[in-house]
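Engineer: Protein chains in written order, with the working numbering: chain P, 1 to 400; chain U, 1001 to 1400.
Glycine included, every Cβ here is placed at the ideal spot set by N, Cα and C.
Handing you a structure now.
In structure tokens form, the structure reads like this:
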């Protein structure tokens, strides 16, 4: 039995080869870039007018002019007009190119326009106001986004603006989730009195879908040859195989033996943690196998604490987000195991993250998962007592 | 010009009728339930064995027996066997039904098995251990999830376990996002020197997709009749119309006039905020129109601060999540406007949410949005100076 720290170290020590694919911009929301993004023009690409009003030469104001004739209109999307006379101005719209020869834009709010002439308080005008000069933010050929960045809505906007309409992104792992156990039946059937519905694969599929992975799922009974054929097929057709059930001490827990027979190397079996102790982890070439306990709370915890970090790392992201929360209330536990306590996360008005324990009925009570947002990790080898106000790492499994 | 508080109050005062639809479980990740979920059986549905080991009658231990003959094996998924003799036990697997007549399960870790007989330290055994009794967590017919709950992975697992394979959820709004402006061209073209690519609709579409809305998008030039036909069509075919550009003081800012002509009632135009001042909002029957400024930072802020809350409320969710953050550094601003400062959010090891200003090049510098995670709201009518360590509400626009 190894510690949580050793387990996560072994898991993150296994790195996949990391493929790349190119997709249309509309298909890469939430993915991770696999190339730097470079501007194909200056940003802004021209001297851009920032307010509706008039454009003029500041030297006209300097020369003492107080009244300027409006000579014409310059719309957004038009080629720039030319301003030669320091006594005239061009009416101009936000987003338009600043007319050639003009260097200052005065917004309507500062103008009085009568009979085609405009006046304003010359004291309030600064040369160059309301113009964003060409290349102010970036020059052509500059990097605006590094490879390895998660594509959020702002990144999508930037991609569109620089014409990055096809995007190289890191490929997601192909994942196969397999439930095992003769007691499990499909969700649209009514179980017999000694059966239950197969729910783990649904919870885990949804969890992976928040990571944009569309996992393939299947089921295997507790029969050695069935398990062997099923796992072999999964190993051949996926990068990551997740199994629930069949990894403990039971007479029909064939999964570890079959994996060994199929050439999957065991990297560990059992972690000093509650829940989720019988977790088995191994590899075959660049394939990764996570074999989780069948208990719904255990398999869910293992996916949140171990599989998601591995998947994040597999696309070059930080495996962990550090969410340190302040425990509200106290908690007794077995000091020889790292304990994962279900908590509801809340924000205080003082900018603090509070963790309210939702222990429910213990690790058998999977219904209780819906009452919490996260697992709070209370390390082993301490006193077996967690005090109110202590700080712990938390692993959220949904928005909070 | 109204305040941010007045604006949000007006927006959230408009409530849509709220339709409901029924979908397969695999299609409702992230949606909101529109009915209570009720168990169709006790949970657990039978006296469930929690460990691999043997099941026996505790009265056998009470009678002083120290050695129990293993009479047979009970697998998970099998009908329960019957135990009559207090001197024998049944080998039993996790997930199996507890044999009829047995009341205690002793795990392999506590057993010594020799020649078909098992012994153990009787002092360590509690009656009823390792059995989850039928109905311990819920009885048949009890509500396990309320209508109005966001369906996360844990909820999906619960749905599967109770056979909720089709799920009633609140319908999402049909949204049409329209860009306007003659200066805009498609993202796969090379703009002329006075043009730019249309990026706002891409950023806003992605933002709404994080809310599971697949928005329809289109573009209209600065021509009154084109705008009229386009907006009329959008109003007829969607619940929410989002327009970017054409709402300011320019000569070709036709959007407010056309909306009026189409019978859309203006509820406000202009908010005392920076960026995003020219924001226009109105309704026509149960249709809602958000007309945003064309500036990318402005339109993005308005969507995060006003449209997402409205959409959340439209499916019965809390419009706001309260994220109070601690400003790191100081900031000067115009005290007559509410200022939205771009910030990067970070967690301290003390469980605090820290907001690090990323002002960039101001509201024209949309590239800077990728350097931040959130807008920090600094209210108007204060000193115009925000001190280091002050607390402010933040509106995140991506995971942080």
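#1: Could you tell me whether the Cβ of residue 347 (chain P) comes closer than 8 angstroms to any Cβ of chain U?
#2: Taking just the CA atoms, how far does residue 1132 (chain U) sit from residue 379 (chain P)?
#3: Mind checking residue 1096 (chain U): buried by the 16 CB within 10 Å criterion, or exposed?
#4: Are the beta-carbon atoms of residue 1022 (chain U) and residue 1168 (chain U) separated by less than 8 angstroms?
#5: Nearest chain U C-beta to residue 344 (chain P) closer than 8 angstroms, yes or no?
#6: Suppose the cutoff is 7 angstroms on Cβ atoms and the five residues either side in sequence are ignored; what does the same chain contact list for residue 1234 (chain U) look like?
#7: Could you tell me how far apart the beta carbons of residue 1389 (chain U) and residue 1294 (chain U) are, in whole angstroms, since I believe they sit closer than 8 angstroms?
#8: Counting only C-beta atoms, is residue 358 (chain P) closer than 8 angstroms to chain U at any point?
#9: Can you give me the start and stop residues for the beta strand (DSSP E) that residue 1300 (chain U) sits inside?
#10: Could you tell me whether the Cβ atoms of residue 1275 (chain U) and residue 157 (chain P) are closer together than 8 angstroms?
#11: Would the stretch 1246-1261 of chain U and the stretch 99-106 of chain P be scored as touching if the rule is three or more Cβ pairs under 8 angstroms?
#12: Anything in chain U within Cβ reach of residue 199 (chain P), meaning under 9 angstroms, just list it in chain order.
#13: Closest Cβ-Cβ distance between residue 292 (chain P) and chain U: below 8 angstroms?
#14: Helix, strand or coil, according to DSSP, for residue 1133 (chain U) in the structure here?
#15: Any contact of the stretch 295-312 of chain P with the stretch 194-214 of chain P, i.e. 3+ C-beta pairs under 8 angstroms?
#16: Between residue 1065 (chain U) and residue 1087 (chain U), how many whole angstroms is the CB-CB distance? I'm expecting something under 8 angstroms.
#17: What number of angstroms, rounded off, separates the C-alpha of residue 1082 (chain U) from the C-alpha of residue 1137 (chain U)?
#18: Less than 8 angstroms separating the beta-carbons of residue 1049 (chain U) and residue 1068 (chain U)?
#19: Rounding to the nearest angstrom, what Cα-Cα distance links residue 1299 (chain U) and residue 1229 (chain U) in this structure?
#20: If the criterion is Cβ atoms closer than 8 angstroms, does the pair residue 1196 (chain U) and residue 1183 (chain U) meet it?
#21: Can you tell me which of the three DSSP states residue 1018 (chain U) falls into?
#22: Compute the beta-carbon to beta-carbon distance between residue 172 (chain P) and residue 212 (chain P), rounded to the nearest angstrom, for a pair I have assumed lies under 8 angstroms.
#23: What are the start and end residues of the beta strand (DSSP E) that includes residue 53 (chain P)?
#24: Can you give, in chain order, each stretch of the alpha helix (DSSP H) that sits fully within the stretch 120-193 of chain P and has at least 4 residues?
#25: Could you please give me the residues that DSSP links to residue 393 (chain P) through a beta bridge?
#26: Take residue 356 (chain P) as the anchor and find which of P:327, P:217, P:80, P:34 has the nearest alpha-carbon.
#27: Would you kindly check if the distance between the Cβ of residue 165 (chain P) and the Cβ of residue 24 (chain P) is under 8 angstroms?
#28: Rounded to whole angstroms, what is the Cα-Cα separation between residue 1365 (chain U) and residue 1152 (chain U)?
#29: What would DSSP say about residue 262 (chain P), mapped onto helix, strand or coil?
#30: Looking only at C-alpha atoms, which of P:121, P:45, P:78, P:174 sits nearest to residue 162 (chain P)?
#31: State buried or exposed for residue 1271 (chain U), treating a residue as buried only when at least 16 other CB atoms are found within 10 Å of its CB.
#32: Please classify residue 342 (chain P) as buried or exposed, where buried requires at least 16 other C-beta atoms within 10 Å of its C-beta.
#33: With burial defined as no fewer than 16 other Cβ atoms inside 10 Å of the residue's Cβ, what is the status of residue 246 (chain P): buried or exposed?
#34: If you measure from the beta carbon of residue 273 (chain P) to each beta carbon in chain U, is any gap under 8 angstroms?
#35: Please work out which residues of its chain come closer than 7 angstroms, Cβ to Cβ, to residue 1265 (chain U), disregarding the five sequence neighbours upstream and downstream, and give them in chain order.
#36: According to the neighbour-count rule (16 or more other Cβ atoms, all chains shown, within 10 Å of its Cβ), is residue 1189 (chain U) buried or exposed?
Structural biologist: Put simply:
#1: yes
#2: 27 angstroms
#3: buried
#4: yes
#5: no
#6: 1176, 1178, 1241
#7: Incorrect: roughly 36 angstroms between the Cβ atoms, too far for contact.
#8: no
#9: Element bounds for residue 1300 (chain U): not the beta strand (DSSP E) but the alpha helix (DSSP H), 1296-1302.
#10: no
#11: no
#12: 1156, 1157, 1158, 1159, 1160, 1161, 1162
#13: no
#14: coil
#15: yes
#16: 6 angstroms
#17: 25 angstroms
#18: no
#19: 23 angstroms
#20: yes
#21: coil
#22: 6 angstroms
#23: 53-56
#24: 153-161
#25: P:324, P:377
#26: P:327
#27: yes
#28: 36 angstroms
#29: coil
#30: P:45
#31: buried
#32: buried
#33: buried
#34: no
#35: 1282, 1283, 1284
#36: exposed
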